[in-house]
Amino acid sequence: MQDRTSESTPASTLALTLGMLRESSRLVGRTLDLARTEIDGNIRALIGLLALLGTIVVLLVAAFFVFLDAMVKALAVLIGSEVVAALVVASPFLVAAGLLAALGLRRIARATRIVPPKVRGQAALATGS
0 MQDRTSESTP
10 ASTLALTLGM
20 LRESSRLVGR
30 TLDLARTEID
40 GNIRALIGLL
50 ALLGTIVVLL
60 VAAFFVFLDA
70 MVKALAVLIG
80 SEVVAALVVA
90 SPFLVAAGLL
100 AALGLRRIAR
110 ATRIVPPKVR
120 GQAALATGS
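Numbered by numbering that gives the first Met the number 0, the letters in the sequence shown go through residues 0 to 128 in order.
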């Protein structure tokens, strides 16, 4: 007596293969839909966080300027001159700007060193041109 489970007909194998392919494609489609939904949610959350971060930066800058204005007004009341108070408040920023400008100019000069004509002439003689 032969075991019928060991026998497989081409039609049943084809049907099983087609069913497996159909089910796997359905599962892949559902997985891709879930991934798309997850990615969309993550992108929306990131955009919201970036908008919030931008708002925080704008508010911090505005608060800084309001604080500087309040310092100028308070010193103007103490000193009696708003111009002098503004110079006192602005002086650390002017010093910092001057230092950064000096550092920047030094880096530019170092990066764009101009070769003196005497050295250029010696280089031309050495190469024979």
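Ideal placement from N, C-alpha and C gives every residue a C-beta, glycine not left out.
message: I'd like to know if the stretch 52–64 and the stretch 28–36 are in contact, where contact means that at least 3 CB-CB pairs between them fall below 8 Å.
response: The stretch 52–64 is not in contact with the stretch 28–36.
V83 versus A75 - alpha carbon distance: Roughly 7 Å between the two C-alpha positions.
- request: Look at V71 and V60 and say whether their C-beta atoms are less than 9 Å apart.
  value: No, they are not a contact pair.
query: Which of the three DSSP states, helix, strand or coil, is assigned to G28?
result: The answer is helix: DSSP assigns G28 an H, G or I state.
task: Compute the Euclidean distance between the alpha carbons of P9 and R21, then round it to the nearest angstrom.
output: Distance between the alpha carbons of P9 and R21: 18 Å.
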